Amino acid sequence: MSEKTTAQDGTPDTSTDTTEKTTTTNGIAKAAPASSLSAKERDEIAALPYEEARDRLIQSVQALEAGGLNLDQSMRQWELGEALAKRAQALLSEVRAKLDAAQAQQESSADTAGTQSNLD
Numbered sequence: 001m002s003e004k005t006t007a008q009d010g011t012p013d014t015s016t017d018t019t020e021k022t023t024t025t026n027g028i029a030k031a032a033p034a035s036s037l038s039a040k041e042r043d044e045i046a047a048l049p050y051e052e053a054r055d056r057l058i059q060s061v062q063a064l065e066a067g068g069l070n071l072d073q074s075m076r077q078w079e080l081g082e083a084l085a086k087r088a089q090a091l092l093s094e095v096r097a098k099l100d101a102a103q104a105q106q107e108s109s110a111d112t113a114g115t116q117s118n119l120d
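For the sequence shown, full-length UniProt numbering gives the first residue as 1, with consecutive numbering after it.
As structure tokens, this is what we get:
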């Protein structure tokens, strides 16, 4: 299901995406719950550097661990934490790929170190 809202000027409000996504598991379609994060929030998270994503993730986890949140607040913190964790992991994966490429380059150049073939 989709929830549509209207901005003050009468145009559709697209600041939050409440569209449910459908996933299939073993041929059974399941509707995923709509995200409480707005497109703007998701874009901001996607632009965060690793350290800020990590720090905000820690804050989100601490808020959940502290308790005292109602169900909606807890779900929002959980969704925020998931998005931040995904961003941090993506950045770590990028760094890992760069390190692997540098290591492979270093290994391939080590094979020809001290030979005439590395002068090409």
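Cβ coordinates follow ideal geometry from the N, Cα and C atoms, glycine included. Small disclaimer: the values here were computed from a predicted structure and weren't measured.
Check your understanding: What are the boundary residues of the alpha helix (DSSP H) that A63 is part of?
Key -> Y50 to A66
**Study point:** Distance between E65 and A85 (C-alpha atoms, nearest Å)
**Key:** 16 angstroms
Check your understanding: CA-CA distance, T18 and D72?
Key -> In this prediction, T18 has a pLDDT of 42, which is less than 50 and means its spatial position is unreliable; nothing more can be read from the coordinates.
Point to revise | CB-CB length for A53 against A88, believed under 8 angstroms | key: 4 angstroms
Check your understanding: Taking Cβ positions, are L37 and E79 nearer each other than 7 angstroms?
Key -> At the C-beta level, L37 and E79 come within 7 angstroms of one another.
Check your understanding: When you compare only the Cα positions, how much space is there between S60 and A102?
Key -> Put simply, the backbone Cα of S60 is about 34 angstroms away from that of A102.
Exercise for review: State buried or exposed for Q106, treating a residue as buried only when at least 16 other CB atoms are found within 10 Å of its CB.
Suggested key: exposed
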